[in-house]
Amino acid sequence: MKRRAQSKTSVASSTDFFSLSDKPSLGRRRALLAAKLKRQEQSTTSFDSSTGSYTYTDATSLRKTPITFSPSPEFMKTAKAKLKLIALYEDHKCLWNQRNTDFFNFELKDRIWDAIADEMKADSPSGFWKHMIHKLRYKVGMERIQEQGAKFSGESPQPKLFYSDKLLFLNHMFDREGGKSPRELVCL
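For the sequence shown, the residue numbers in UniProt numbering are 1 to 188.
If you want it as structure tokens, here you go:
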């Protein structure tokens, strides 16, 4: 039985080729990433080191002028403000726990960050508090690396940050050796 050679050329025009119905699905992961990038393009938070102020602009906001937020240095140096921010962050597992069902619900996370910003200081941009939590997490991560280096070299470790114990709920992100749960790490 002989098969007929089928034509390799397409009959569809160039406009039909890119129709929405023929467009392959991006998949959930890529679609969520695309939505996040689109949202990040519409809103920006910038820091001016000379004045110490944060400027927040959002293209989806009804405000035409950017919001300028200048926290006093004394406010962010207080332990009370940092501990309150950490407690609010810990209460909302969808912000930090990747296994949470709402971890990829970006609209919910944005609303939560707005609520945290209002709780911390009225009319403050949520981007500032996101930045602060990332700074605190980074400092704790660096402290853990320095502790490991001190153990390896036999030096005495530097004094601990006062809030590092409050971030123990993030232990599962720092533990790269095994699949220990955060509860097991706290008990050790």
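Here a beta-carbon is modelled for each residue, glycine too, at the ideal position from N, C-alpha and C.
Integer-rounded CB distance, given that residue j should sit under 8 Å from residue i
{"i": "K139", "j": "I86", "result": "The pair is not a contact, with the Cβ atoms about 12 Å apart (cut-off 8 Å)."}
{"i": "F169", "j": "E90", "result": "5 Å"}
{"i": "F104", "j": "N97", "result": "Not a contact, Cβ separation roughly 12 Å."}
Residue from the options with nearest C-alpha to residue i
{"i": "L88", "options": "L168, R99, W113, F128", "result": "W113"}
{"i": "K160", "options": "A34, E119, E147, A81", "result": "E147"}
{"i": "A31", "options": "R111, F162, Q158, F106", "result": "F106"}
{"i": "A79", "options": "L168, N171, F169, F162", "result": "F162"}
{"i": "K84", "options": "A34, G149, A117, G127", "result": "A117"}
Three-state secondary structure (DSSP) of residue i
{"i": "H92", "result": "coil"}
{"i": "Y138", "result": "helix"}
{"i": "Q98", "result": "coil"}
{"i": "E119", "result": "helix"}
{"i": "K160", "result": "coil"}
{"i": "G127", "result": "helix"}
{"i": "N171", "result": "helix"}
{"i": "F103", "result": "coil"}
Distance, residue j Cα to residue i Cα
{"i": "T101", "j": "L95", "result": "11 Å"}
{"i": "A115", "j": "I133", "result": "15 Å"}
{"i": "I145", "j": "G154", "result": "14 Å"}
{"i": "S124", "j": "K130", "result": "11 Å"}
{"i": "R99", "j": "F152", "result": "33 Å"}
{"i": "R137", "j": "G27", "result": "31 Å"}
{"i": "M142", "j": "A122", "result": "31 Å"}
{"i": "P157", "j": "H172", "result": "22 Å"}
Contact with chain B by residue i, beta-carbon distance below 9 Å
{"i": "K135", "result": "You won't find chain B in this structure, because it holds only one protein chain."}
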